[in-house]
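These notes concern the structure reproduced below.
What follows is the structure, given as structure tokens:
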């Protein structure tokens, strides 16, 4: 399952400024909408806060009676020191009222607690961009986080790509190509080492079949993998059910899928969760 929590400070989301315990409850609510026994093998979370990880982990363990591991990878900004040197600084989540510091802002992956290793990627992102008022601003250096489940020989990777289009972070969609290639190159390396791969997240581009701005960004991924909505049919439309307003920008890719669904409820986010049952050939 992949779900953008909208957990920082987006005032259009009910989850803005959420406490960690509240966000853990929202995750369990999202799962309970499917059924009391529904628990995915892996969950990808975007727009998460560092201090959400442990409460979500505990909530999953209480739900299943088994061990879980929830890891977090921060998103950064490029900043300059007083001496002019360029350094990376973590983006912080805004404080929650009555709670305080929620740690860094970024992405998380939840998997069963076993012999697992993790790798985070700072995806190549623009340093700055210009908005509709002509103001230049620093751009988030987006992230991907991968978890290798050695007992199943599966590599799970969740990512959050830059926002593309005019007056946004990646106006020409160039960096979407870089971010896509970084993610798929890592997946190919995992495959070369005998792992099956499942990956996705909030990729911030609509599917190719819609022909909208940036529609070509994900075509190379569809050339190699099946997206959730395609199930197992490589010739089916490169499209899918909307996950946020009138857009589909959340994806799960793998070798194929036997089911795919978008959650009926958003549980305080501006995104609905995307769920798949993914084949592991």
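In UniProt numbering, the protein residues as written are 1 to 281. Every residue gets a Cβ at the ideal spot worked out from N, C-alpha and C, and that includes glycine.
Check: Anyone know if the C-beta pair for residue 47 and residue 5 falls short of 9 Å?
Finding: Within the chain shown, residue 47 is the residue found at index 47, counting from 1. Within the chain shown, residue 5 is the residue found at index 5, counting from 1. Yes, Cβ-Cβ distance for residue 47 and residue 5 is below 9 Å.
Next item on the list: Keeping to the same chain, check which residues put their C-beta closer than 6 Å to that of residue 62; ignore five residues upstream and five downstream.
Entry: Working through the chain shown from its first residue, we reach residue 62 at position 62. Taken in chain order, the list of residues that qualify is empty.
Notebook entry, point to check: With residue 143 and residue 176 assumed to form a contact (beta carbons below 8 Å), what rounded beta-carbon distance in angstroms separates them?
Noted result: Mapped onto the chain shown, residue 143 falls at position 143. Mapped onto the chain shown, residue 176 falls at position 176. Going by Cβ atoms, the distance from residue 143 to residue 176 rounds to 15 Å, so no, they are not a contact pair.
Next item on the list: Look at the Cβ atom of residue 265, then the Cβ atom of residue 272, and state whether they are nearer than 9 Å.
Entry: Residue numbering aside, residue 265 sits at position 265 when the chain shown is read from its first letter. Residue numbering aside, residue 272 sits at position 272 when the chain shown is read from its first letter. Yes, Cβ-Cβ distance for residue 265 and residue 272 is below 9 Å.
Next item on the list: Would you give the residue range spanned by the beta strand (DSSP E) that residue 155 belongs to?
Entry: Within the chain shown, the letter at position 155 stands for residue 155. Start and end: 154-160.
Notebook entry, point to check: Distance, Cα to Cα, residue 189 vs residue 32?
Noted result: Translated into the one-based positions of the chain shown, residue 189 becomes position 189. Translated into the one-based positions of the chain shown, residue 32 becomes position 32. Distance between the alpha carbons of residue 189 and residue 32 is about 35 Å.
Next item on the list: Counting only the same chain and skipping the five closest in sequence on each side, list residues whose C-beta sits under 8 Å from that of residue 39.
Entry: On the chain shown, residue 39 is found 39 positions in, with the first residue counted as 1. Once the five neighbours on either side are set aside, the close Cβ partners of residue 39 are 31, 60, 63, 64.
Check: Since residue 40 is in the beta strand (DSSP E), which residue starts that stretch and which ends it?
Finding: As a first step, residue 40 is located in the chain shown; it is residue number 40 there, counting from the start. Taken as a continuous stretch (DSSP letters only), residue 40 belongs to no beta strand (DSSP E), as it is neither H nor E.
Next item on the list: Determine the DSSP secondary structure at residue 262, reduced to helix, strand or coil.
Entry: As a first step, residue 262 must be located in the chain shown, where it is residue number 262. In the structure shown, residue 262 sits in a strand (DSSP, three-state: E or B).
Next item on the list: Assign residue 234 to buried or exposed, taking buried as 16 or more other Cβ atoms, counted over all protein chains shown, within 10 Å of its Cβ.
Entry: Within the chain shown, numbered from 1, the residue matching residue 234 stands at position 234. Result: exposed.
Next item on the list: Just the C-alpha distance for residue 51 and residue 172, rounded to the nearest angstrom, thanks.
Entry: The residue given as residue 51 occupies position 51 in the chain shown. The residue given as residue 172 occupies position 172 in the chain shown. Approximately 34 Å between the Cα atoms of the pair.
Notebook entry, point to check: Does DSSP put residue 208 in a helix, a strand or coil?
Noted result: As a working mapping, residue 208 is identified with position 208 in the chain shown. Note: residue 208 maps to helix in three-state DSSP.
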